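Q: Before we start, here is the structure in question, set down as structure tokens.
Numbering (full-length UniProt numbering), first residue to last: 1 to 330.
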């Protein structure tokens, strides 16, 4: 009973230790945080979607009203506004190519300076030993110079191409502006309002995309925390089951079975001493049987004699003797 009580106390202590596993607290905090993030993102996402729909409806209504007033001028000036859009795109591409060209020029300049410094330092040394380390450094710097020159050449060609395209687009736009000057001026409020609404819708769409990405990330964190909690729970239950199996007492006869198994599996090589002892044991057993037979005969004679002489030795009863003979007889 005391052992069972101690085992129960140990199990409860183990359970209490497992229940305060710090991993559980950490995963629960992640679960709560991800839940808050999901709720916040869903609320903000619905708000921005609603605002997007409102702006879209408003833009549609107002642009339709302007189309009814200046629809003809809008249709006539569309080539100019399309050319203006193309020119704007060409300008962005030209600016990007210019930045790439400037970056390639800076990389080439830095690579050439590295080679110049290495050569200058080598000439300043008295011994002027051109070891493998210097050779490797110069080879690496030379390789960088070659790559930088190739990048500079490519970026320069791209820069020239985009700049020429931009100039062509600007020239086309100015020609259309002169040709369609009256229609362009009359339709300008429509296209400017359209650009304003387009910018608002683009900004709202950008916010919607960001919130959707955050919502996906928060849901992934939530699922990860749930999986981790499930894994920890399974680990704790498995540990409890192993403790329960380890503290269970053996059934009746378990020790005897183990002993029989040990004896059945016991093997030992025979030696001369063991054989001699076995033969001596057989002789002793045979002498004991002979003496026991004489004792039985004497007991029978004493039963015939009503006053046996007290020899100071107690003999076993006939029933015990018969049982003993039965147990030792071959």
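Note that CB positions come from ideal geometry on N, CA and C, so glycine has one too. Here the structure is a predicted model, which means the values were calculated and not measured.
(1) Select from 94, 203, 56 and 38 the residue whose C-alpha is nearest the C-alpha of residue 160.
(2) Using the C-alpha atoms, what's the distance from residue 205 back to residue 214?
(3) Which of the three DSSP states, helix, strand or coil, is assigned to residue 90?
(4) Should residue 146 be labelled buried (16 or more other beta-carbon atoms within 10 Å of its own) or exposed?
(5) Assign residue 180 to one of three DSSP states: helix, strand, or coil.
(6) Whole angstroms are fine: how far does the CA of residue 170 sit from the CA of residue 78?
(7) For a test of the three-state rule: what should DSSP assign to residue 64, helix, strand or coil?
(8) Should the segment 146-156 be called in touch with the segment 30-39, which here means at least 3 C-beta pairs below 8 Å?
(9) Pull up the CB-CB distance for residue 201 and residue 55, whole angstroms please, since I reckon it's below 8 Å.
(10) When you compare the CB of residue 226 with every CB in chain B, is at least one pair closer than 7 Å?
(11) Enumerate in chain order the residues of its own chain whose CB-to-CB distance from residue 281 is below 7 Å, with the five nearest sequence positions on each side excluded.
(12) Between the C-alpha atoms of residue 222 and residue 30, what's the straight-line distance to the nearest angstrom?
(13) Indicate the three-state DSSP secondary structure (helix, strand or coil) for residue 37 in the structure shown.
(14) Could you check the C-alpha separation between residue 188 and residue 182 for me, to the nearest Å?
(15) Rounded to whole angstroms, what is the Cα-Cα separation between residue 83 and residue 176?
(16) Tell me, to the nearest whole angstrom, how far the beta carbon of residue 193 is from that of residue 66; I am working on the premise that it is less than 8 Å.
(17) Pick helix, strand or coil for residue 75, following the three-state DSSP scheme.
(18) Three-state secondary structure (DSSP) at residue 47?
(19) Could you work out which residue in 100, 173 and 208 is closest to residue 43 when comparing CA atoms only?
(20) Kindly indicate which residue of 53, 231, 163 and 137 has the alpha-carbon position closest to the one of residue 111.
(21) Helix, strand or coil for residue 21? Go by DSSP, reduced to three states.
(22) From 73, 229 and 186, pick the residue whose C-alpha is nearest to that of residue 23; which is it?
(23) Report the option in 219, 226, 164 and 234 whose CA atom is closest to the CA atom of residue 40.
(24) Quick check on the burial criterion: 16 or more other C-beta atoms within 10 angstroms. Buried or exposed for residue 148?
(25) Flag this pair as yes or no: are the beta carbons of residue 190 and residue 57 separated by less than 7 Å?
(26) If you measure between the beta carbons of residue 238 and residue 27, is that distance less than 7 Å?
(27) Residue 91 and residue 166 - do their beta-carbons sit closer together than 7 Å?
(28) Going straight from the alpha carbon of residue 87 to that of residue 144, what length do you get?
(29) Going along the chain, which residues of its own chain have a beta-carbon closer than 8 Å to the beta-carbon of residue 63, five neighbours each way excluded?
(30) What's the C-alpha gap between residue 158 and residue 68?
(31) Buried or exposed, going by whether 16 or more other CB atoms sit within 10 Å of the CB of residue 141?
(32) Can you tell me the Cβ-Cβ gap for residue 134 and residue 122, rounded? I've got them flagged as a contact below 8 Å.
A: According to the data block:
(1) For the purposes of this step, residue 160 is taken as the residue at position 160 of the chain shown. That would be 94, whose Cα lies nearest to the Cα of residue 160.
(2) Reading the chain shown from its first residue, position 214 is the one you call residue 214. Reading the chain shown from its first residue, position 205 is the one you call residue 205. Residue 214 and residue 205: Cα-Cα distance of roughly 14 Å.
(3) Taking the chain shown and counting its residues from 1, one reaches residue 90 at position 90. Note: residue 90 maps to helix in three-state DSSP.
(4) As a first step, residue 146 is located in the chain shown; it is residue number 146 there, counting from the start. It is exposed - the Cβ of residue 146 has fewer than 16 other Cβ atoms within 10 Å.
(5) For this step, residue 180 is matched to residue 180 along the chain shown. Reduced to three states, the DSSP call for residue 180 is coil.
(6) Along the chain shown, one-based indexing puts residue 78 at 78. Along the chain shown, one-based indexing puts residue 170 at 170. Roughly 16 Å between the two C-alpha positions.
(7) Residue mapping note: residue 64 aligns to position 64 of the chain shown, counting from 1. Three-state DSSP puts residue 64 in a helix.
(8) no
(9) Translated into the one-based positions of the chain shown, residue 201 becomes position 201. Translated into the one-based positions of the chain shown, residue 55 becomes position 55. Confirmed, Cβ separation roughly 6 Å.
(10) The structure shown has no chain B; it contains just one protein chain.
(11) Numbered from 1 along the chain shown, position 281 holds the residue referred to as residue 281. Low local confidence applies: a pLDDT of 43 at residue 281 is under 50, so the model's placement there is unreliable, with the coordinate-based value given in what follows. Cβ within range, chain order: n/a, list empty.
(12) As a first step, residue 222 must be located in the chain shown, where it is residue number 222. As a first step, residue 30 must be located in the chain shown, where it is residue number 30. When rounded, the distance between both Cα atoms is 7 Å.
(13) The count along the chain shown starts at 1 and reaches residue 37 at position 37. Looking at residue 37 - three-state DSSP - the assignment turns out to be helix.
(14) Here residue 188 refers to the residue found at position 188 when the chain shown is read from its first residue. Here residue 182 refers to the residue found at position 182 when the chain shown is read from its first residue. Cα to Cα, residue 188 sits roughly 10 Å from residue 182.
(15) To locate residue 83, count along the chain shown from 1; it is residue 83. To locate residue 176, count along the chain shown from 1; it is residue 176. One C-alpha to the other measures close to 8 Å.
(16) Taking the chain shown and counting its residues from 1, the one referred to as residue 193 is at position 193. Taking the chain shown and counting its residues from 1, the one referred to as residue 66 is at position 66. Confirmed, Cβ separation roughly 7 Å.
(17) By 1-based counting over the chain shown, the position of residue 75 is 75. Reduced to three states, the DSSP call for residue 75 is helix.
(18) Taking the first residue of the chain shown as position 1, residue 47 is located at position 47. Here residue 47 sits in helix by DSSP.
(19) Walking along the chain shown from the start, residue 43 turns up at place 43. Comparing Cα positions, the closest option is 208.
(20) Reading the chain shown from its first residue, position 111 is the one you call residue 111. Of the candidates 53, 231, 163 and 137, the one whose C-alpha sits nearest the C-alpha of residue 111 is 137.
(21) Taking the first residue of the chain shown as position 1, residue 21 is located at position 21. If DSSP states are grouped into helix, strand and coil, residue 21 belongs with coil.
(22) Counted from its first residue, the chain shown places residue 23 at position 23. Answer by Cα proximity: 229.
(23) Here residue 40 is taken as the residue at index 40 of the chain shown, counted from 1. Among 219, 226, 164 and 234, the Cα nearest to that of residue 40 is on 219.
(24) Working through the chain shown from its first residue, we reach residue 148 at position 148. Result: buried.
(25) If you number the chain shown from 1, residue 190 lands on position 190. If you number the chain shown from 1, residue 57 lands on position 57. No, the pair does not count as a contact, with Cβ atoms beyond the cut-off.
(26) Here residue 238 refers to the residue found at position 238 of the chain shown. Here residue 27 refers to the residue found at position 27 of the chain shown. Against a cut-off of 7 Å, the Cβ pair of residue 27 and residue 238 comes out as no contact.
(27) For this step, residue 166 is matched to residue 166 along the chain shown. For this step, residue 91 is matched to residue 91 along the chain shown. Yes, they are a contact pair.
(28) On the chain shown, residue 87 is found 87 positions in, with the first residue counted as 1. On the chain shown, residue 144 is found 144 positions in, with the first residue counted as 1. For residue 87 and residue 144, the distance between alpha carbons rounds to 36 Å.
(29) Translated into positions along the chain shown, residue 63 becomes position 63. Only 190, 193, 194 and 197 meet the Cβ criterion.
(30) Mapped onto the chain shown, residue 158 falls at position 158. Mapped onto the chain shown, residue 68 falls at position 68. Distance between the alpha carbons of residue 158 and residue 68: 45 Å.
(31) Against the chain shown, residue 141 aligns to sequence position 141. Residue 141 should be labelled buried.
(32) Position 134 of the chain shown, counting from 1, holds the residue named residue 134. Position 122 of the chain shown, counting from 1, holds the residue named residue 122. 6 Å between Cβ atoms; contact.
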